[in-house]
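Numbering (this note's numbering), first residue to last: 25 to 336.
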């Protein structure tokens with residue numbers, strides 16, 4: 025996802041952006057359901073390949089309709105290759121491997137730690153953010169929440185812990201990709217659609233090369249898959265990587281990048297709901313509790329609570 029720096033904008037009515045934010049949270053929250061269905065018949069690498077390919081096709085179609093070109097400079101394509109790997113190919117594959125071991129709703133909870141990962145990386149590595157005592161407190165609260173989600177007091181280290189570790193690592197890669205984009209791509213004059221299309225095209229090439237080498241098998245024919253799996257792949261790409269991007273860019277233009285990032289707080293709610301209702305997944309008491317603690321830490325680190333208090 026490409027973001028742009030906040031600009032001075034008039035505050036639009038809530039009804040202008042809230043429905044879009046709810047739609048985004050639903051699409052991205054339900055993505056973990058689609059991943060869980062997809063890995064039933066597809067190796068995670070091929071599931072990720074199908075996702076980036078479908079997303080690239082949707083964005084290329086949008087560019088064709090709008091008559092916008094793809095990036096033309098080597099610099100942009102070089103950075104797109106990096107972000108395509110760390111922001112799409114690798115984390116989407118890791119979530120697939122993770123959801124072979126844990127419920128989709130738990131993967132959705134782990135996705136919520138991404139802002140906590142972004143902050144120290146942005147401060148220490150890319151120097152696009154400044155550290156403060158408040159942000160440090162938010163990180164500590166979020167870290168405690170992560171330990172609660174993991175059930176750190178337990179001593180077993182089976183598939184559940186491995187799956188959670190893979191999903192946590194996926195969030196770490198998201199945390200690398202977001203400040204990298206802000207540092208090297210946000211200042212370009214290209215549209216967000218063109219940039220995202222380039223990222224997905226690079227990720228498609230990467231996975232098309234890596235997937236057969238790692239899995240040691242050719243991609244399965246689409247007609248050999250169940251309709252549920254085929255539709256899940258299409259939904260992941262067309263909705264989660266295509267339509268969702270267009271909706272997100274609309275909100276960024278309306279309310280800015282910082283406020284639009286609040287969608288992070290809503291995504292785990294949808295991932296938990298669809299996991300319980302659709303897949304009949306079960307969750308232990310401490311996992312949603314830990315998720316709430318993580319989201320509280322995110323809110324503290326981003327100053328959400330302070331801004332609300334100042335308005336009051």
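Just so it is clear, CB atoms sit at the ideal spot from N, CA and C, and this is done for glycine as well. Computed from a predicted structure; not experimentally measured.
Between residue 314 and residue 140, the C-beta spacing is not below 8 Å. Looking at 160, 143, 162, the one whose alpha-carbon comes closest to that of residue 153 is 143.
Contact annotation: residue 46 and residue 298 have beta-carbon atoms that are not nearer than 8 Å. Annotation: residue 148 is outside any alpha helix (DSSP H) and is labelled neither H nor E by DSSP. The three-state reading of DSSP puts residue 106 in helix, counting H, G and I together. Rounded to the nearest whole angstrom, the C-alpha separation of residue 230 and residue 196 is 19 Å. The C-beta separation of residue 318 from residue 173 comes to about 7 Å, placing the pair in contact by the 8 Å criterion. Excluding its 5 nearest sequence neighbours in each direction, residue 254 has C-beta neighbours in its own chain below 7 Å: 246, listed in chain order.
Exposed is the label assigned to residue 309, since fewer than 16 other Cβ atoms lie within 10 Å of its Cβ.
The C-beta distance from residue 188 to residue 237 rounds to 27 Å, too long to meet the 8 Å contact threshold. A distance of 8 Å or more separates the beta carbons of residue 123 and residue 249. As for any alpha helix (DSSP H) of minimum length 4 sitting wholly inside the region 57–104, the runs are 68–90, ordered along the chain.
The residue from 69, 54, 43 with its alpha-carbon nearest to that of residue 235 is 69. The region 210–225 makes contact with the region 262–281, as at least three CB pairs between them are under 8 Å. In this structure, residue 227 keeps its C-beta atom at 8 Å or more from the C-beta atom of residue 78. Distance from residue 74 to residue 261 at the Cβ level is roughly 7 Å; contact confirmed, criterion being Cβ atoms closer than 8 Å. Each of 91, 239, 99, 108 was checked against the Cα of residue 200, and the nearest Cα belongs to 108. Taking C-alpha positions only, residue 55 is separated from residue 241 by approximately 25 Å. Every alpha helix (DSSP H) of 4 residues or more that sits fully in the region 110–138 is shown, in chain order, as 114–122, 128–135. Counting every other CB atom within 10 Å of its CB across the protein chains shown gives residue 99 a total below 16, marking it as exposed.
Comparing alpha-carbon positions, the option among 306, 94, 106 lying closest to residue 205 turns out to be 106.
In this structure, residue 224 lies near residue 76, with their beta-carbon atoms less than 8 Å apart. When rounded, the separation of the alpha-carbon atoms in residue 278 and residue 48 is 15 Å. In the assembly as shown, residue 306 is an exposed residue. Its beta-carbon has fewer than 16 other beta-carbons within 10 Å.
Closest by C-alpha distance to residue 53, out of 296, 324, 276, is 296.
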